[in-house]
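Protein chains: 2
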Amino acid sequence: MRARVDVLTLAVSDLERSLEFYRRLGLTSEGVIGTQYEGDETTPGGAAVMFELEGGLILALYGRADLAKDGSVPLTEPRPGAFSIGHLVSSREEVDAVLAEAEAAGAELTDEPHDRPWGIYSGYFRDLDGHLWEVIWNPRAAAG
Amino acid sequence: MRARVDVLTLAVSDLERSLEFYRRLGLTSEGVIGTQYEGDETTPGGAAVMFELEGGLILALYGRADLAKDGSVPLTEPRPGAFSIGHLVSSREEVDAVLAEAEAAGAELTDEPHDRPWGIYSGYFRDLDGHLWEVIWNPRAAAG
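Encoded structure:
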């Protein structure tokens, strides 16, 4: 396997609502695509949202039930803590600002941002479906 | 927020075991780092694994209990279906080959790879902690 990730797909309960959330955070998308693939009880539908990120990575949103069918895994309740998405910024103030922006867009901040023992300053928010994002300032690394 | 994801952190139950799994899949890492940050009942430890991927994205492995503490979220059982990681390859045969490689490394294939209504050929595997990877050939896109 080559060392690459091309798409990160987040399961969501409401595509339009999550599309709006991520648009409020500044991501751009042409909107919901693939609605012509309707799916049924066993076949996943195709409706999805794609955000093209810097570097070419696609952040996709896909219905929870559709992802469970597409991946042939059980449909379970969303649980936090299985993974997190790290977003690097270039200052301590920018960590605070992005977290405030996320909260204003409807995210939940899980606690106050703070210095971690390994030398970063960061805080987490959970998106509308509980997916964890960590907003990070690493004084030892230049961000973006 | 800028349109970028810098790190994708997967919560794992056993760092060394998952390090070996991803190494068998061809990813390279200097091994477990951050063990000097021991953590305690409320402070997360710093032990983690980092794989630098093409394009600069970091795929990180981090203990489940540490991620729950670090993100201030409850420690819950791993559940599949909250997200998936998409890996593009350049032929139908390569989808089959990567899935076989993953299975040989200890992954579980959730079903046979097949053509999807939206024009891709893909199959899924679950890593040792249940994280879903979709290996995709899209005839309309050049991979990598």
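One line per chain: the protein sequences are A and L, in this order. Sequential numbering of the first sequence, starting at 191, is according to this note's numbering. Sequential numbering of the second sequence, starting at 191, is according to this note's numbering. Even glycine gets a Cβ: it sits at the ideal position worked out from N, Cα and C.
Per DSSP, reduced to three states, the secondary structure at Glu324 of chain A is strand. In the DSSP assignment, Val197 of chain L falls within the unbroken beta strand (DSSP E) covering Val197 to Val202. In the three-state scheme derived from DSSP, where H, G and I count as helix and E and B as strand, Gly224 of chain L is classed as coil. Secondary structure of Ser208 of chain A (DSSP, three-state): helix. The three-state secondary structure of Val285 of chain A, taken from DSSP, is helix. Of the candidates A:Ser262, A:Leu257, A:Leu247 and A:Gly271, A:Gly271 places its Cα closest to the Cα of Ala258 of chain L. Within chain L, the residues placing a beta-carbon under 7 angstroms from that of Asp196 of chain A are Gly276, His277 and Leu278, ordered along the chain. When the Cα atoms are used, Val285 of chain L and Gly276 of chain L turn out to be separated by approximately 12 angstroms. Against chain A, the CB of Leu318 of chain L has no partner CB under 8 angstroms away; the residue lies outside that interface.
In the three-state scheme derived from DSSP, where H, G and I count as helix and E and B as strand, Ala250 of chain A is classed as strand. DSSP links Glu298 of chain L through a beta bridge to L:Arg316. Within the segment 237 to 253 of chain L, the residues whose Cβ lies closer than 7 angstroms to any Cβ of chain A are, in chain order, Phe241, Leu243, Glu244, Gly245, Gly246, Leu247 and Leu249. If the five residues before and after Arg269 of chain L are omitted, its C-beta is found closer than 8 angstroms to the C-beta atoms of Gly320, all from its own chain and listed in chain order.
About 19 angstroms separates the CB atoms of Ala193 of chain A and Phe273 of chain L; that is not less than 8 angstroms, and the two are not in contact. Val325 of chain L places its beta carbon less than 8 angstroms from that of Val279 of chain L. Distance between Thr225 of chain L and Glu231 of chain L, taken at the CA atoms: about 16 angstroms. The beta carbon of Phe211 of chain A sits no closer than 8 angstroms to any beta carbon of chain L. In the three-state DSSP reduction, Glu231 of chain A falls in the coil class, being neither helix nor strand. The beta-carbon of His304 of chain L is placed no less than 8 angstroms from the nearest beta-carbon of chain A. Distance from Leu209 of chain L to Val222 of chain L at the Cβ level is roughly 7 angstroms; contact confirmed, criterion being Cβ atoms closer than 8 angstroms. For Ala238 of chain L, the enclosing beta strand (DSSP E) starts and ends at Ala238 to Glu242. Interface with chain A (8 angstroms Cβ-Cβ cutoff): Gly296 of chain L is excluded.
Remark: C-beta atoms of Arg214 of chain A and Leu318 of chain A do not approach each other more closely than 8 angstroms.
Under DSSP, Leu265 of chain A shares a beta bridge with no residue. Gly276 of chain L is bridged by DSSP to A:Val197 and L:Glu324. One alpha carbon belongs to Arg254 of chain L, the other to Trp323 of chain A, and they sit about 15 angstroms apart.
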